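Just so you know, the sequence shown maps onto residues -23 to -1, 1 to 458 in mature numbering (1 follows the signal peptide of the UniProt record, and there is no 0).
Report on the structure given below.
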Amino acid sequence: MIRAAICASVSLWASVWAVSAQAAVEIQEVTSPGGIEAWLVEEHSIPFTALEIHVRGGANLDREGKRGAVNLMMALLEEGSGDMDARAFQEAREGLAASFGFDAGDDTVSISASMLTENRDEAVDLLRQALVEPRFDEDAIERVRAQVESNIASDAQDPGTIAGDVFMAQAFGDHPYGSSLSGTPDTVAGLTREDLVQAHRDTLVKDRVYVGAVGDITPEELGALLDELLGDLPEEGPAQPPEVAFGLEGGVTVVDYPTPQATAMFGHEGMERDDPDYFAATILNHVLGAGGFESRLMTEVREKRGLTYGIGTYLVPKDYAEMWLGSVASDNRTIAEAIEVVRDIWADVAANGITEEELRAAKTYLTGEYPLRFDGNSEIAGILVGMQLIGLPPDYVINRNSYIEAVTMEDIRRVAGELMDPEGLHFVVVGQPEGLEQAEEAEPVVEAPVEESAAPAPAAAPAEGMEAPADAPAMEGAASE
């Protein structure tokens, strides 16, 4: 009982702190002497600074035939730089009590860093070395390449990943969105050191940099830091890919896979993040499938019919396309019924909207959880970058909940009727489903040996690059507002 009370007290304190942090966020726009822009929230109570840096372009900039180059290149940035090999680099970072993170997404690459004030200059110098002078040693390349190839092989046996890969390939074809940023076994095996050097030159460029900084640092100090850290990067990169239309029509595609439980990804075209109706769409998505056990789909598909352990939906506004997606897993004998229920619920909400009670509950949840995102310097730095990428103003953090509250039932009905297309829903089902006679057939994007005990992916897990709030991109891709 005492332990439970302590845990409850800590949870309450954390929630109150997060609400206070969100309310107290004062965003300053900083421009370095060299012209690099950033957003800053000063917080001097702890001698610690968090940086979040995104560079627009991401794995979309993989050159033809070199899919996976940007992903592999980013994974190698902490494997040695300057005169340090991988071990020396790690020891230097650990000696400074700093943490660095490097990641690739479809639309951006990201660099995360946290450092103590007393070691900040040395930590920035080490991070700069990783960004500007990566070694790409052959032994490091082969070691990390093997890790990537292992991940690809594992993904090729995961029904959820298979469904996502096939869905994206059918929706976007030859556009970068149509293939996994990890690459294929063949493309990754063929990448050379020169390919990685080229990917580095293409990707890490100053004119596409977005920076968020939070912590024990002044605007003047941040300006000097930006020039030191990023000033030696190339000014410009190659052209980015064009907009791409969502290329799937309504229907069902089946990928034969020996597992007792079928996994499906479904969806249709979505909405741009800067659309004035995006907050209405966010509420609709919450009520439909993002609201956990209170959502329409969870209630109808799981609670009433027992067809799944989980089902979820998510809005995905990417740089060059928008989607409204969902995922569900069900027994091969019942997946057809689950799909029918999804279509029926989609059609009902499209035609009739939601109830007043659902609207009130969604607003309460969405406005209540927003301050909880501001629960640390690193998290706030990520929010600052996400806002810049989307084009939101600095005062968005103060006004965001009022935008949610302003959505009316009339807005909901109008947006539901315009955006939701039950006949346009396409389902990619991985398994050996029964009762889907009119479905088309497709092969997995990446072939791999099938393990006898292959387990299905979690039903509501988004596919790669499709998971995080759009104004807090801790993960690539935007699933909600």
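Glycine residues also receive a C-beta, built at the ideal position from the N, C-alpha and C atoms.
For clarity, every value in this text was computed on a predicted model and none was experimentally measured.
{"Asked": "Unbroken beta strand (DSSP E) run spanning residue 358, endpoints", "Found": "First-last for residue 358: 354 to 367, but that is the alpha helix (DSSP H), not the beta strand (DSSP E)."}
{"Asked": "Close-in-space but distant-in-sequence residues of the same chain around residue 158 (CB under 8 Å, 5 per side omitted)", "Found": "35, 36, 39, 44, 45, 47, 48, 81, 82, 83, 441 and 442"}
{"Asked": "Sequence ranges, alpha helix (DSSP H) only - wholly within the segment 154 to 219, length at least 4", "Found": "162 to 166, 170 to 180 and 196 to 207"}
{"Asked": "Span of the beta strand (DSSP E), counted from its first residue to its last, around residue 303", "Found": "299 to 308"}
{"Asked": "Burial state of residue 386, where buried means 16 or more other Cβ atoms lie within 10 Å", "Found": "exposed"}
{"Asked": "Residue 433 classed as buried or exposed, judged by whether at least 16 other C-beta atoms fall within 10 angstroms", "Found": "Per-residue confidence for residue 433 stands at a pLDDT of 38, beneath the threshold of 50, marking its modelled position as unreliable; the derived number appears in the next sentence. Buried: at least 16 other Cβ atoms inside 10 Å."}
{"Asked": "Between the CA atoms of residue 352 and residue 117 - distance to the nearest angstrom", "Found": "35 Å"}
{"Asked": "Residue 263 - DSSP class collapsed to helix/strand/coil", "Found": "helix"}
{"Asked": "Buried versus exposed call for residue 295 [16 or more other C-beta atoms within 10 Å across all chains shown]", "Found": "buried"}
{"Asked": "Option nearest residue 227 by Cα separation, candidates 10, 417 and 9", "Found": "417"}
{"Asked": "At least three beta-carbon pairs within less than 8 Å, the segment 229 to 242 to the segment 307 to 318", "Found": "yes"}
{"Asked": "Where the beta strand (DSSP E) through residue 242 begins and ends", "Found": "238 to 246"}
{"Asked": "Reference residue 166, options 42, 93, 140 and 364, closest by Cα", "Found": "42"}
{"Asked": "Nearest-angstrom beta carbon gap, residue 188 and residue 18 [assumed within contact, 8 Å]", "Found": "So it is not a contact: roughly 12 Å between Cβ atoms."}
{"Asked": "Residue 141, enclosing beta strand (DSSP E) - first and last residue", "Found": "Element bounds for residue 141: not the beta strand (DSSP E) but the alpha helix (DSSP H), 136 to 149."}
{"Asked": "For residue 110 and residue 59, the rounded distance between their alpha carbons", "Found": "5 Å"}
{"Asked": "When 373, 115, 207 and 148 are compared against residue 172, the one with the closest alpha-carbon", "Found": "115"}
{"Asked": "Cβ contact (3+ pairs, closer than 8 Å) linking the segment 262 to 277 and the segment 403 to 421", "Found": "no"}
{"Asked": "Residue 343 - containing beta strand (DSSP E), residue span", "Found": "From DSSP, residue 343 is part of no beta strand (DSSP E) but of the alpha helix (DSSP H) over 333 to 346."}
{"Asked": "Segment contact flag, the segment 96 to 104 with the segment 356 to 372, C-beta cutoff 8 Å, min 3 pairs", "Found": "no"}
{"Asked": "Where residue 94 sits in the DSSP three-state scheme", "Found": "helix"}
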